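Peer 1:
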Amino acid sequence: MAQNKIILYYQFAPIADPQAVMLWQRALCEKLGLRGRILISKHGINGTLGGEINAVKAYTKETRKYPGFKNMEFKWSEGGAEDFPRLSVKTRDEIVAFGAPDELQVDENGVVGGGVHLKPEEVNKLVEERGDEVVFFDGRNAFEAKIGKFKNAIVPDVRTTHDFIREIESGKYDHIKDKPVVTYCTGGIRCEILSALMKNRGFKEIYQIDGGIVRYGEKYGDKELWEGSLYVFDKRMHMEFTPDTVTIGKCEQCGAPSNKFENCSNENCRELVLLCPECAADDAKRHCVPECSVDREAAEANA
Ligand SMILES: [Zn+2]
Ligand SMILES: [Zn+2]
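The opening position of the sequence shown corresponds to residue 1 in full-length UniProt numbering, with each subsequent residue numbered one higher.
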């Protein structure tokens, strides 16, 4: 029986002709029958693909032939092409939309001027040595931290990655500009950029976690500095590192423990709401605000 797999990957590397790389990648994926999503910019590539295991292996081998991608790490997980509606391979100004395509500088070693990479054990060592001085700074959208985060982390008021620059320029975090700050996100890609943007704005001692929460959780589960569930961008919606994970999220309707987001019952809204199973099953409660009538697509189109 054919075995299927999913891969996740990114690489920051200068790409002289993103359009040509996009066409090459699209043809390669089509030939191999892969589905998923790939973004390419002049700063690099970010992708997730699913397919038959030998086809996925062939993809990684071919992709590493591009000089800038030769050391790219692929994270393997369970799943397959059927987890994606189609194949989408596109060029963009940014592989993660911070709204700073001209600020980000990339060379053959990756992002220029980013935070120091720490392995999970080095994160713990930093906290052992510097104690409460160390600040954890969540590099995700604020809602993701409702179900899990580093203990005592700062969670910026960020709806999408686009909001980070406004937040770090707001003055709210000026008191941590001289402290050791550890930025973290799901797999590390967002902090590659965020940590550079923070350094450019006067945050002096910035770190980022190699491989993000995923790698930290694989090493330490929830026994050390991480607590709760991890929000993930696929149909699982959340994952736990151990069977003993504490549910830190609370149903937004009744306060019962929950780690499962639901879509607002207004289908034009698309907002995710953290709900317990009882409230999720109740049409009168499955919404972000009472009688939600938000039309987010129209609002974004007008913005
Ligand atoms: Zn509830
Ligand atoms: Zn809503």
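Virtual Cβ for every residue (Gly too), placed ideally from N, Cα, C.
Computed from a prediction, not measured in an experiment: that's the story for all the values here.
Could you please give the first and the last residue of the uninterrupted alpha helix (DSSP H) stretch that includes Arg-215?
Peer 2: The residue given as residue 215 occupies position 215 in the sequence shown. Where Arg-215 is concerned, the enclosing alpha helix (DSSP H) stretches over 212-220.
Peer 1: What did DSSP end up calling residue 359 once you bin it into helix, strand or coil?
Peer 2: It is not possible to answer for residue 359, since the shown part of the chain is limited to 1 through 303.
Peer 1: Do Ile-147 and Asn-259 count as a contact pair if the criterion is CB distance below 8 Å?
Peer 2: The sequence position of residue 259 within the sequence shown is 259, counting from 1. The sequence position of residue 147 within the sequence shown is 147, counting from 1. Taking 8 Å as the Cβ cut-off, Asn-259 and Ile-147 qualify as a contacting pair.
Peer 1: Might you give, ordered along the chain, the residues of its own chain that have their beta carbon closer than 7 Å to the beta carbon of Trp-76, omitting 5 neighbours on each side?
Peer 2: As a working note, residue 76 is residue 76 in the sequence shown. Here the set comprises Lys-5, Ile-7.
Peer 1: Give the secondary structure of Ser-77 by DSSP, where H, G and I count as helix, E and B as strand, and everything else as coil.
Peer 2: As a position in the sequence shown, residue 77 is number 77, starting the count at 1. Correct three-state label for Ser-77: strand.
Peer 1: Does the Cβ of Lys-125 have 16 or more other Cβ atoms within 10 Å, making it buried, or fewer, making it exposed?
Peer 2: If you number the sequence shown from 1, residue 125 lands on position 125. Classification of Lys-125: exposed, given that the 10 Å Cβ count is below 16.
Peer 1: Nearest by alpha-carbon distance to Glu-205: which of Leu-118, Gly-221, Trp-226, Glu-82 is it?
Peer 2: Looking up residue 205 in the sequence shown gives position 205. It is Leu-118.
Peer 1: Within 7 Å: the Cβ of Cys-264 and any heavy atom of ligand 1?
Peer 2: By one-based count along the sequence shown, residue 264 stands at place 264. Checking the Cβ of Cys-264 against ligand 1 gives no.
Peer 1: Based on the DSSP output, what are the partners of Lys-250 in its beta bridges?
Peer 2: Counting from 1 along the sequence shown, the entry for residue 250 is found at position 250. Per DSSP, the beta-bridge partners of Lys-250 are Pro-257.
Peer 1: Using a Cβ-Cβ cut-off of 8 Å (strictly less than) and excluding sequence neighbours within five positions of Ala-97, which residues of its own chain qualify?
Peer 2: Here residue 97 refers to the residue found at position 97 when the sequence shown is read from its first residue. Cβ within range, chain order: Thr-160, Thr-161, His-162.
Peer 1: How is the beta strand (DSSP E) around Phe-98 delimited, first residue to last?
Peer 2: Mapped onto the sequence shown, residue 98 falls at position 98. It is not in any beta strand (DSSP E) - Phe-98 carries neither H nor E in the DSSP assignment.
Peer 1: Can you grab the Cα-Cα spacing for the pair Gln-25 / Ile-154, in whole Å?
Peer 2: Counting from one through the sequence shown, the residue named residue 25 turns up at place 25. Counting from one through the sequence shown, the residue named residue 154 turns up at place 154. When rounded, the distance between both Cα atoms is 38 Å.
Peer 1: Between which two residues does the alpha helix (DSSP H) harbouring Tyr-59 extend?
Peer 2: Here the question's residue 59 lines up with position 59 in the sequence shown. DSSP places Tyr-59 inside the alpha helix (DSSP H), whose first and last residues are 53-63.
Peer 1: When the distance is taken between beta carbons, is Ala-256 closer than 8 Å to Glu-108?
Peer 2: Translated into positions along the sequence shown, residue 108 becomes position 108. Translated into positions along the sequence shown, residue 256 becomes position 256. The answer is no: Cβ separation not under 8 Å.
Peer 1: Please identify the residue among Asn-54, Arg-130, Gly-51, Thr-60 whose C-alpha is closest to the C-alpha of Tyr-10.
Peer 2: On the sequence shown, residue 10 is found 10 positions in, with the first residue counted as 1. The shortest C-alpha to C-alpha distance from Tyr-10 to any of Asn-54, Arg-130, Gly-51, Thr-60 is the one to Thr-60.
Peer 1: Would Asn-268 pass as a contact of Val-294 if the rule is Cβ separation under 8 Å?
Peer 2: Within the sequence shown, the letter at position 268 stands for residue 268. Within the sequence shown, the letter at position 294 stands for residue 294. The answer is yes: Cβ separation under 8 Å.
Peer 1: Within its chain, find whatever has a CB closer than 6 Å to the CB of Leu-28; leave out the 5 residues flanking it on each side and keep chain order.
Peer 2: Start at 1 with the first residue of the sequence shown, and residue 28 comes out as number 28. So the qualifying residues of the chain are Glu-62.
Peer 1: What is the C-beta distance between Gly-47 and Arg-37, in whole angstroms, given that I count them as a contact (C-beta under 8 Å)?
Peer 2: Taking the sequence shown and counting its residues from 1, one reaches residue 47 at position 47. Taking the sequence shown and counting its residues from 1, one reaches residue 37 at position 37. About 7 Å; that satisfies the 8 Å criterion.
Peer 1: Check whether the stretch 121-135 and the stretch 177-186 are in contact - that is, three or more C-beta pairs closer than 8 Å.
Peer 2: yes
Peer 1: Should Ser-170 be labelled buried (16 or more other beta-carbon atoms within 10 Å of its own) or exposed?
Peer 2: The count along the sequence shown starts at 1 and reaches residue 170 at position 170. Ser-170 is exposed by the Cβ-count criterion.
Peer 1: If you measure from the CB of Ala-256, is any heavy atom of ligand 1 nearer than 7 Å?
Peer 2: Here residue 256 refers to the residue found at position 256 of the sequence shown. Yes - ligand 1 has a heavy atom lying nearer than 7 Å to the Cβ of Ala-256.
Peer 1: Output the distance between the C-alpha atoms of Lys-70 and Arg-64, rounded to the nearest integer angstrom.
Peer 2: Translated into positions along the sequence shown, residue 70 becomes position 70. Translated into positions along the sequence shown, residue 64 becomes position 64. Straight across, the Cα-Cα distance linking Lys-70 with Arg-64 is about 4 Å.
Peer 1: Taking the continuous alpha helix (DSSP H) assigned at Pro-120, which residues delimit it?
Peer 2: Taking the sequence shown and counting its residues from 1, the one referred to as residue 120 is at position 120. Unbroken alpha helix (DSSP H) run through Pro-120: 120-130.
Peer 1: What does a CB cutoff of less than 8 Å around Glu-30 pick up in its chain, not counting 5 residues either side in sequence?
Peer 2: Counted from its first residue, the sequence shown places residue 30 at position 30. Here the set comprises Leu-87.
Peer 1: Take the Cβ of Arg-140 as the centre, count every other Cβ of all protein chains shown within 10 Å, and call the residue buried at 16 or more, exposed below.
Peer 2: What you label residue 140 is simply residue 140 of the sequence shown in a count that begins at 1. Buried: at least 16 other Cβ atoms inside 10 Å.
Peer 1: Measuring alpha carbon to alpha carbon, tell me which residue in Pro-156, Val-289, Trp-226, Cys-254 is nearest Val-246.
Peer 2: What you label residue 246 is simply residue 246 of the sequence shown in a count that begins at 1. Nearest C-alpha to Val-246: Trp-226.
Peer 1: Could you round the C-beta distance between Ala-196 and Val-123 to whole angstroms and report it? I think they count as a contact, below 8 Å.
Peer 2: Along the sequence shown, one-based indexing puts residue 196 at 196. Along the sequence shown, one-based indexing puts residue 123 at 123. That pair is no contact at about 19 Å.
Peer 1: With Arg-296 and Arg-270 assumed to form a contact (beta carbons below 8 Å), what rounded beta-carbon distance in angstroms separates them?
Peer 2: Looking up residue 296 in the sequence shown gives position 296. Looking up residue 270 in the sequence shown gives position 270. Rounded, the Cβ-Cβ distance is 5 Å, consistent with contact.
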